[in-house]
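Reviewing the structure listed below.
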Amino acid sequence: MNHGFDTLAIHAGQDPEARTGAVIPPIYQTSTYAQDAVGAPRQGYEYSRSGNPTRDALQECLAALEGGPVGLAFASGLAAEDTLLRAVCAPGDHVVIPDDAYGGTYRLFARVAQRWGLTYTPAKVSDPDAVRAAIRPGTTKIVWLETPTNPLLGIADIATLAAVAHDAGALLVVDNTFASPYLQQPIALGADVVVHSTTKYIGGHSDVVGGALVAADAALGEELRYHQNAMGAVNGPFDAWLTLRGIKTLGVRMDRHCDNAERIAAYLDGHAKVREVLYPGLPSHPGHEVAAKQMRRFGGMISFRAAGGEEHAVDICNRAKLFVLAESLGGVESLIEHPGRMTHASAAGSPLEVPGDLVRLSVGIETVEDLLADLEQALS
Numbered sequence: 079m080n081h082g083f084d085t086l087a088i089h090a091g092q093d094p095e096a097r098t099g100a101v102i103p104p105i106y107q108t109s110t111y112a113q114d115a116v117g118a119p120r121q122g123y124e125y126s127r128s129g130n131p132t133r134d135a136l137q138e139c140l141a142a143l144e145g146g147p148v149g150l151a152f153a154s155g156l157a158a159e160d161t162l163l164r165a166v167c168a169p170g171d172h173v174v175i176p177d178d179a180y181g182g183t184y185r186l187f188a189r190v191a192q193r194w195g196l197t198y199t200p201a202k203v204s205d206p207d208a209v210r211a212a213i214r215p216g217t218t219k220i221v222w223l224e225t226p227t228n229p230l231l232g233i234a235d236i237a238t239l240a241a242v243a244h245d246a247g248a249l250l251v252v253d254n255t256f257a258s259p260y261l262q263q264p265i266a267l268g269a270d271v272v273v274h275s276t277t278k279y280i281g282g283h284s285d286v287v288g289g290a291l292v293a294a295d296a297a298l299g300e301e302l303r304y305h306q307n308a309m310g311a312v313n314g315p316f317d318a319w320l321t322l323r324g325i326k327t328l329g330v331r332m333d334r335h336c337d338n339a340e341r342i343a344a345y346l347d348g349h350a351k352v353r354e355v356l357y358p359g360l361p362s363h364p365g366h367e368v369a370a371k372q373m374r375r376f377g378g379m380i381s382f383r384a385a386g387g388e389e390h391a392v393d394i395c396n397r398a399k400l401f402v403l404a405e406s407l408g409g410v411e412s413l414i415e416h417p418g419r420m421t422h423a424s425a426a427g428s429p430l431e432v433p434g435d436l437v438r439l440s441v442g443i444e445t446v447e448d449l450l451a452d453l454e455q456a457l458s
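Note that this note's numbering has the sequence shown beginning at 79, numbered continuously upward.
Structure, rendered in structure tokens:
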């Protein structure tokens, strides 16, 4: 039977525990397991880096939500990204990356993977011709997307770029963190691997750090699983349990995030002290039509450019009260930050440098009138 998203979020990988009937999967807080005989581990479990029942429950749920045969949970989103790159690429290979991307992803390519011999080219992922031009035939192994991008909220056409990547013999990897699997399912649109920072919307409560990969192909998934075990940056059992708890309410949370973000984007769009609002739900956004085609709704992330320049942007961040000044995103509480000095400081001086007048909002699920009032006092 094909179940709906919210049913899968609550039940996939989470059958009642066999011995006691516990409705919630237990936290298997163990490093090792007794074996029935030499070479005969019970149900395949021998060491928790290699396998843990709580992590397996999370991995099965993630795979179900993204529509892939293999899901893998990691200690962080960057641990997932690093494992993917080393499983798929080798020194001398090339990757096309967004010219607007999470600062930590850029740092991984520019400061870590490049020293290992992996080269990269930033390209405007909202422009398929720019991505096509950045590909190096025979050398490009991955076309890497964020959509929406972080922090400028650009939109990439996943289906179109899947065809571009596959024509070049490359994989299409989509970081789906901003959208979450509730709003967007890249595998159904042709992606080969989906990446998540489960710290964000999937966990949803700002209380756990984690990452995930979901593969569209079982053989690729097993190769990633091998590297997950070999490299070892796995999600711990308590972290996996917290993430599973968050997943159960992902759908209802995302609807409220979107409701609030739509109201706030409309408010900012007409404000005299805001120069530009970047939100794919606005009809004026250049990626609006593509986003409407491939997303259920437009998400809870908004960026805007302060009319008074960089110092005005910093002042807005400092004046906010209900919007907490903090990095990260996707929790139930609203956050505000200055990307140029916070999450994207590592991209300063690079092609991925963000404008100094940019403010990024992670819109939470509070009463929207309270959020609007806080923004009004911060802007004024």
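Quick reminder that beta carbons are idealized off the backbone N, C-alpha and C, glycines included.
- A direct Cα-Cα distance of roughly 15 Å separates Ser284 from Met379.
- Residue pairing of His172 in beta bridges, as defined by DSSP: Thr197 and Thr218.
- When DSSP states are grouped into helix, strand and coil, Arg353 belongs to the strand group.
- No residue range can be given for Leu400, since it is assigned to no alpha helix (DSSP H) and is classified by DSSP as neither H nor E.
- Looking at the DSSP output, His274 sits in a beta bridge with Ala290.
- For secondary structure counted as the alpha helix (DSSP H) over 4 or more consecutive residues, the stretch 92 to 141 holds no complete run.
- Residue pairing by DSSP puts Phe382 in a beta bridge opposite Val355 and Val437.
- Short of 6 Å from the beta carbon of Arg120, and not among the five residues preceding or following it, lie these beta carbons of its own chain, in chain order: Asp114.
- Each residue's CA atom was taken as its position, placing Lys202 and Gln92 some 40 Å apart.
- A direct Cα-Cα distance of roughly 15 Å separates Leu436 from Ala398.
- Ranked by how close their Cα comes to the Cα of Ala240, the residues Gly442, Trp194, Ile233 and Gly268 have Gly268 in first place.
- The residue among Phe256, Ile236, Leu223 and Leu403 with its C-alpha nearest the C-alpha of Ala266 is Ile236.
- Listed as beta-bridge partners of Val252 by DSSP are Leu223 and Val272.
- In the three-state reduction of the DSSP assignment, Gly149 falls in the strand class.
- Between the alpha carbons of Gly427 and Pro315 lies a distance of about 39 Å.
- Take His416, set aside five residues on each side of it, and the residues of its chain with a beta-carbon closer than 7 Å to its own are Ala391, Val392, Cys395 and Val437, in chain order.
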